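What follows is a short report on a single structure.
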Amino acid sequence: MTEDIRLNSSKLGTQEYWNNFYKKEQQNFKDNEEDTGECWFDDSDAESKMIQFLIDKLNNDELPEALLSNPSISFLDLGTGNGHLLFQLLDDIDYEYETGEKTFKYTGIDYSPDSVEFAKGVAAKKYPELEINFEQVDLLQKGCPFLTNQYDVLLDKGTLDAIALNQDPIEEFGGKIGMEVYASQVEQMMKPGSILLITSCNFTDPELTKIITNNTGLKVWDKINYPSFEFGGVQGSTVVSIAFIKN
95 MTEDIRLNSS
105 KLGTQEYWNN
115 FYKKEQQNFK
125 DNEEDTGECW
135 FDDSDAESKM
145 IQFLIDKLNN
155 DELPEALLSN
165 PSISFLDLGT
175 GNGHLLFQLL
185 DDIDYEYETG
195 EKTFKYTGID
205 YSPDSVEFAK
215 GVAAKKYPEL
225 EINFEQVDLL
235 QKGCPFLTNQ
245 YDVLLDKGTL
255 DAIALNQDPI
265 EEFGGKIGME
275 VYASQVEQMM
285 KPGSILLITS
295 CNFTDPELTK
305 IITNNTGLKV
315 WDKINYPSFE
325 FGGVQGSTVV
335 SIAFIKN
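According to the working numbering, the residues represented by the sequence shown are 95 to 341, in order.
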């Protein structure tokens with residue numbers, strides 16, 4: 095059970111906040127096309143570490159067997175925001191993927207229509223040659239038709255963090271809150287051998303593991319190392335990145 099893992103409610107857990115946020119980001123981009131929005135977790139270098147983790151797995155043939163034998167790898171960015179993670183991932187794979195034996199497909203989803211519009215706008219202006227699909231999707235909608243799609247590698251850089259800042263019960267899930275249904279919803283989009291690489295600054299390693307593996311077929315596959323600190327005899331990190339695999 096995860097009832098003991100709760101965050102305080104915040105406006106950062108509401109769609110209204112993110113709609114307004116990305117409206118402002120769009121206006122900033124219209125005023126200055128070099129302003130493509132914030133790169134979340136930039137101070138911890140989390141985005142580049144997530145990307146390098148995936149590229150190293152590709153180059154060293156260390157992906158799960160189901161993905162190694164697949165000639166095409168599909169990426170899904172959960173809560174894509176401004177699309178920055180996908181833009182950088184595509185660019186870095188194109189530059190650093192050594193064998194070139196696989197092809198890649200990229201999709202980004204967000205529940206904010208303004209986020210999706212912004213990501214599409216940045217893609218059209220800055221990366222017109224890239225093939226990335228952006229769609230508005232509410233991960234926490236029961237029976238969401240998008241969840242019938244399946245992907246090889248799913249990425250979350252702070253989306254669960256934002257979801258966990260909303261404590262409102264979801265009626266169609268029997269009053270559970272978003273963070274309690276997140277993992278089972280995401281798992282629907284995973285095949286056996288699919289990877290969910292998730293980065294959080296709100297949860298510890300044990301907490302994140304509990305949230306994702308509780309009542310799902312997901313288990314820890316690998317982790318990304320960050321500089322650690324010690325407080326009160328306990329070691330920890332300000333950011334946690336864990337890759338989960340579907341059995």
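Glycine included, every Cβ here is placed at the ideal spot set by N, Cα and C.
These numbers come from a predicted model, not from an experiment.
- Message: Counting beta carbon pairs with one atom in the region 305-314 and one in the region 178-189, are three or more of them shorter than 8 Å?
- Response: no
- Message: Is the separation between the beta-carbon of ASP250 and that of LEU161 shorter than 8 Å?
- Response: no
- Item | PHE198, enclosing beta strand (DSSP E) - first and last residue | 197-204
- Query: Which word fits GLU281, buried or exposed, when buried means at least 16 other C-beta atoms lie within 10 angstroms of its C-beta?
  - Reply: buried
- Task: List the whole-angstrom C-beta distance separating LYS236 from PHE267, where the pair is believed to meet the contact cut-off of C-beta under 8 Å.
- Result: 6 Å
- Query: Going by DSSP, which residues form a beta bridge with LEU290?
  - Reply: LEU248 and PHE338
- Message: Which residue wins for smallest C-alpha separation from ASN102, given the options ASP255, LYS340 and VAL275?
- Response: ASP255
- Task: Name the two residues that bound the continuous beta strand (DSSP E) containing VAL333.
- Result: Where VAL333 is concerned, there is no enclosing beta strand (DSSP E), given that its DSSP letter is neither H nor E.
- Item | Distance, PRO158 Cα to ILE145 Cα | 17 Å
- Item | Segment limits, alpha helix (DSSP H) that includes LYS118 | 109-125
- Query: Among LEU248, LEU291, THR253 and SER168, which has the Cα closest to the Cα of TYR205?
  - Reply: THR253
- Task: Sort ASP232, HIS178 and GLU195 by Cα distance to ILE203 and report the nearest one.
- Result: ASP232
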